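I have placed the structure first, in the form of structure tokens, so that the comments after it can refer back to it.
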Amino acid sequence: MDFNDSPEEAAYREKARAWLAENAAAHRAKWGEPKANTPEHMAAAKDWQATKASAGYACITWPAAIGGGGGTPIQSVIFGQEETKAGVGYGYFTIGLGMCVPTVMAFADGETKKRFVGPAVRGEEIWCQLFSEPAGGSDVAALRTRAVRDGDDWVINGQKVWTTGAHYCDYGILLVRTDPDVPKHKGLTMFWVDMKDPAVECRPIHQMSGGREFNEVYFTDLRVKDSQRLGEVGQGWQVALVTLMNERLAVGGSAGPNYREVMKLARDLSGVTGPAVKDQAFREKLADWYVQSEGLKFTRFRTMTALSRGQTPGPESSIGKIISANQLQELANTAVEMEDQYGILSDPEVAPAEAAFQQSLMWAPGLRIAGGTDEILKNIIAERVLGLPGDVRVDKDVAFKDMPTGR
Ligand SMILES: Cc1cc2nc3c(=O)[nH]c(=O)nc-3n(C[C@H](O)[C@H](O)[C@H](O)COP(=O)(O)OP(=O)(O)OC[C@H]3O[C@@H](n4cnc5c(N)ncnc54)[C@H](O)[C@@H]3O)c2cc1C
18 MDFNDSPEEA
28 AYREKARAWL
38 AENAAAHRAK
48 WGEPKANTPE
58 HMAAAKDWQA
68 TKASAGYACI
78 TWPAAIGGGG
88 GTPIQSVIFG
98 QEETKAGVGY
108 GYFTIGLGMC
118 VPTVMAFADG
128 ETKKRFVGPA
138 VRGEEIWCQL
148 FSEPAGGSDV
158 AALRTRAVRD
168 GDDWVINGQK
178 VWTTGAHYCD
188 YGILLVRTDP
198 DVPKHKGLTM
208 FWVDMKDPAV
218 ECRPIHQMSG
228 GREFNEVYFT
238 DLRVKDSQRL
248 GEVGQGWQVA
258 LVTLMNERLA
268 VGGSAGPNYR
278 EVMKLARDLS
288 GVTGPAVKDQ
298 AFREKLADWY
308 VQSEGLKFTR
318 FRTMTALSRG
328 QTPGPESSIG
338 KIISANQLQE
348 LANTAVEMED
358 QYGILSDPEV
368 APAEAAFQQS
378 LMWAPGLRIA
388 GGTDEILKNI
398 IAERVLGLPG
408 DVRVDKDVAF
418 KDMPTGR
């Protein structure tokens, strides 16, 4: 493990920091701090993405010829760290640029790539991932949305769920069943689709946090051209694996308060027996969070070292999300309890710590599910890191149409 930047990495960090200092300030002066999920917030996000793209800081690892930065994975990590410190950055592009467009780049023809990659890098068009369904989440290969061939078209009917950003996205990658007569993984095909087509209907899901970031998406006789296919007919699972591999890297960390911030709150809040930070039970929890955070920090150093040496991080990086998402939920829960009757306030204007803990308490369960639930990630670690026997898979060789549905 190597904890320090190499001389080249240190020089890159310095350059990125200087660029961010200048451009983040200019961005803030132009846009102020628009409220999340408003048209102004989206406009500011698109503007920031375009600014980064023009300087080679958007999609740093992609070739410059297609709009990327022509850089290395470690440079991308360094820029991400500095961008977070600079307090700019928007989530709208994470799924599109982290998962969907790389899939398009891997499987689409030259003309399609030329049409879509540049606008996505510059933030002009946003993409969503249409995989999960009511009957296919962790087991996404159990999905039921059907595509039936009709001449040069495919006709698609069915429903997706939990699609992040579908309501503002321009395009999506859609995994569908094209052959129910073969086992579930073998009858899938991937397409790219136009989210503004009238045959696509997005219905927002209202979250307990008050947000509406996810959607149910319905397809009613949606017609797509065969040229919108990504990969071969029946090879959709292999295409999806490329997306999912990228997803594990993109949904890595947890934005939100850490143990230091709970400690600060515990110093500020006083119960009948004095400041909460003196409470023995609280101190034990704090010690656990500290140990976990240090372990996570060194695990991330290991990932950084692999990237710095030009290697690809392995399945062991799955542990990062399990630890950070669970810790976020637990420390937010403790903080809200500590806030006593003020804990029920979720308005940042009046709640303690600008409601950071209330927001995190409502967001953390989602983080524990997105990009692979705790249990699925533990299965990955058990099977692929520790070499334990595989999960029981009884339907591997059964034709999809013969799988019991419970009806
Ligand atoms: C914040 C957020 C954003 C999301 N964005 C998107 C998106 O943009 N596009 C998209 O397609 N999907 C998205 N999803 C959906 C997400 O991929 C699924 O919710 C996830 O894969 C789990 O599927 P499920 O909800 O159907 O739960 P299920 O798969 O039904 O799981 C239910 C429970 O059973 C457990 N379980 C399931 N299988 C096993 C097993 N083999 N072993 C042990 N336990 C098991 C799970 O861990 C879980 O506790 C998003 C979800 C969230 C929370």
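If you read the sequence shown in the numbering used here, its first letter stands for residue 18, the second for the next number, and so on. Ideal Cβ placement from N, Cα and C applies to all residues, glycine included. None of the values given here were measured: they were computed from a predicted structure.
Exercise. According to DSSP, is residue 139 helix, strand or coil?
Worked result: As a working mapping, residue 139 is identified with position 122 in the sequence shown. Three-state DSSP puts residue 139 in coil, outside helix and strand.
Problem set entry | Alpha-carbon to alpha-carbon, residue 62 and residue 126 | Here residue 126 is taken as the residue at index 109 of the sequence shown, counted from 1. Here residue 62 is taken as the residue at index 45 of the sequence shown, counted from 1. Looking at the two C-alpha atoms, the distance is approximately 29 Å.
Problem set entry | For residue 133 and residue 268, the rounded distance between their alpha carbons | For the purposes of this step, residue 268 is taken as residue 251 along the sequence shown, with counting starting at 1. For the purposes of this step, residue 133 is taken as residue 116 along the sequence shown, with counting starting at 1. Because the pLDDT of residue 268 is 47, which lies under 50, any placement of that residue in the model is unreliable, and the question is left without a value.
For this session: Measure the Cβ-Cβ separation of residue 343 and residue 300 and say whether it is below 8 Å.
Result: What you label residue 343 is simply residue 326 of the sequence shown in a count that begins at 1. What you label residue 300 is simply residue 283 of the sequence shown in a count that begins at 1. No, Cβ-Cβ distance for residue 343 and residue 300 is not below 8 Å.
Problem set entry | Residue(s) in a DSSP beta bridge with residue 236 | As a working note, residue 236 is residue 219 in the sequence shown. Looking at the DSSP assignment, residue 236 forms a beta bridge with 175, 217.
Exercise. Do residue 197 and residue 413 have their C-beta atoms closer together than 8 Å?
Worked result: Within the sequence shown, numbered from 1, the residue matching residue 197 stands at position 180. Within the sequence shown, numbered from 1, the residue matching residue 413 stands at position 396. In this structure, residue 413 does not lie closer than 8 Å to residue 197 by Cβ.
For this session: Determine the closest residue to residue 177 out of 168, 194, 167, with distance taken between C-alpha atoms.
Result: Locating residue 177 in the sequence shown gives position 160, counting from the first residue. The shortest C-alpha separation from residue 177 is found at 194.
Problem set entry | When 160, 144, 237, 172 are compared against residue 111, the one with the closest alpha-carbon | Residue numbering aside, residue 111 sits at position 94 when the sequence shown is read from its first letter. For residue 111, the nearest C-alpha among the options comes from 144.
For this session: Could you tell me which residues DSSP puts in a beta bridge with residue 170?
Result: Reading the sequence shown from its first residue, position 153 is the one you call residue 170. BP columns for residue 170 point to 167, 242.
Exercise. Nearest-angstrom Cα distance between residue 68 and residue 76?
Worked result: Residue 68 sits at position 51 when you count from the first residue of the sequence shown. Residue 76 sits at position 59 when you count from the first residue of the sequence shown. Roughly 12 Å separates the two Cα atoms.
Problem set entry | Neighbourhood of residue 58 by C-beta distance below 6 Å, restricted to the same chain and skipping five residues each side | For the purposes of this step, residue 58 is taken as the residue at position 41 of the sequence shown. Listed in chain order, the non-local C-beta contacts of residue 58 below 6 Å within the same chain comprise 51, local neighbours out to five positions each way being set aside.
Exercise. With a CB to CB cut of under 6 Å and the five nearest residues on each side skipped, what residues in its chain are close to residue 164?
Worked result: Here residue 164 corresponds to residue number 147 of the sequence shown, with the count starting at 1. Answer for residue 164: 171, 173, 193, 195, listed in chain order.
Exercise. Is residue 358 buried or exposed, if buried means 16 or more other CB atoms sit within 10 Å of its CB?
Worked result: Counted from its first residue, the sequence shown places residue 358 at position 341. Residue 358 is exposed by the Cβ-count criterion.
For this session: May I have the straight-line CA-CA distance separating residue 153 from residue 191, to the nearest angstrom?
Result: Counted from its first residue, the sequence shown places residue 153 at position 136. Counted from its first residue, the sequence shown places residue 191 at position 174. Those two C-alpha atoms are separated by around 13 Å.
Problem set entry | Backbone CA spacing between residue 70 and residue 64 [nearest angstrom] | Within the sequence shown, residue 70 is the residue found at index 53, counting from 1. Within the sequence shown, residue 64 is the residue found at index 47, counting from 1. The straight-line gap from Cα to Cα measures roughly 10 Å.
Problem set entry | Those residues which DSSP pairs with residue 200 across a bridge | For this step, residue 200 is matched to residue 183 along the sequence shown. Answer is 416, bridged to residue 200.
For this session: Examine ligand 1 and report whether any of its heavy atoms sits within less than 7 Å of the Cβ of residue 187.
Result: As a position in the sequence shown, residue 187 is number 170, starting the count at 1. Checking every heavy atom of ligand 1 against the Cβ of residue 187, none is found closer than 7 Å.
Problem set entry | Three-state class that DSSP yields for residue 268 in the structure shown | As a first step, residue 268 must be located in the sequence shown, where it is residue number 251. Bear in mind that the predicted position of residue 268 carries a pLDDT of just 47, short of 50, making it unreliable; the figure below should be weighed with that in mind. In the structure shown, residue 268 sits in coil (DSSP, three-state: anything other than H, G, I, E or B).
Exercise. Rounded to the nearest angstrom, how far is the Cβ of residue 147 from that of residue 189, given a contact under 8 Å?
Worked result: Walking along the sequence shown from the start, residue 147 turns up at place 130. Walking along the sequence shown from the start, residue 189 turns up at place 172. With a beta-carbon spacing of about 5 Å, residue 147 and residue 189 fall inside the 8 Å limit used to define contacts.
Exercise. Just to confirm, does residue 130 get its C-beta within under 7 Å of one of the non-hydrogen atoms of ligand 1?
Worked result: For the purposes of this step, residue 130 is identified with residue 113 of the sequence shown, where counting begins at 1. No.
Exercise. For the 8 Å Cβ check, are there 3 or more pairs between the region 363-374 and the region 328-347?
Worked result: no
Exercise. Between residue 184 and residue 276, what straight-line distance do the alpha-carbon atoms span, to the nearest angstrom?
Worked result: To locate residue 184, count along the sequence shown from 1; it is residue 167. To locate residue 276, count along the sequence shown from 1; it is residue 259. If you take the alpha carbons of residue 184 and residue 276, they lie about 35 Å apart.
Problem set entry | Proximity below 8 Å, CB of residue 280 to CB of residue 379 | Position 263 of the sequence shown, counting from 1, holds the residue named residue 280. Position 362 of the sequence shown, counting from 1, holds the residue named residue 379. No, the pair does not count as a contact, with Cβ atoms beyond the cut-off.
For this session: Tell me whether residue 222 sits in a helix, a strand or coil according to DSSP, three-state version.
Result: The residue given as residue 222 occupies position 205 in the sequence shown. Three-state DSSP puts residue 222 in a strand.
Problem set entry | Contact under 8 Å by Cβ, residue 234 with residue 219 | Counted from its first residue, the sequence shown places residue 234 at position 217. Counted from its first residue, the sequence shown places residue 219 at position 202. Contact: yes.
Problem set entry | Start-end ranges of the alpha helix (DSSP H) lying completely within the region 253-331, minimum 4 residues | 253-267, 276-285, 297-325
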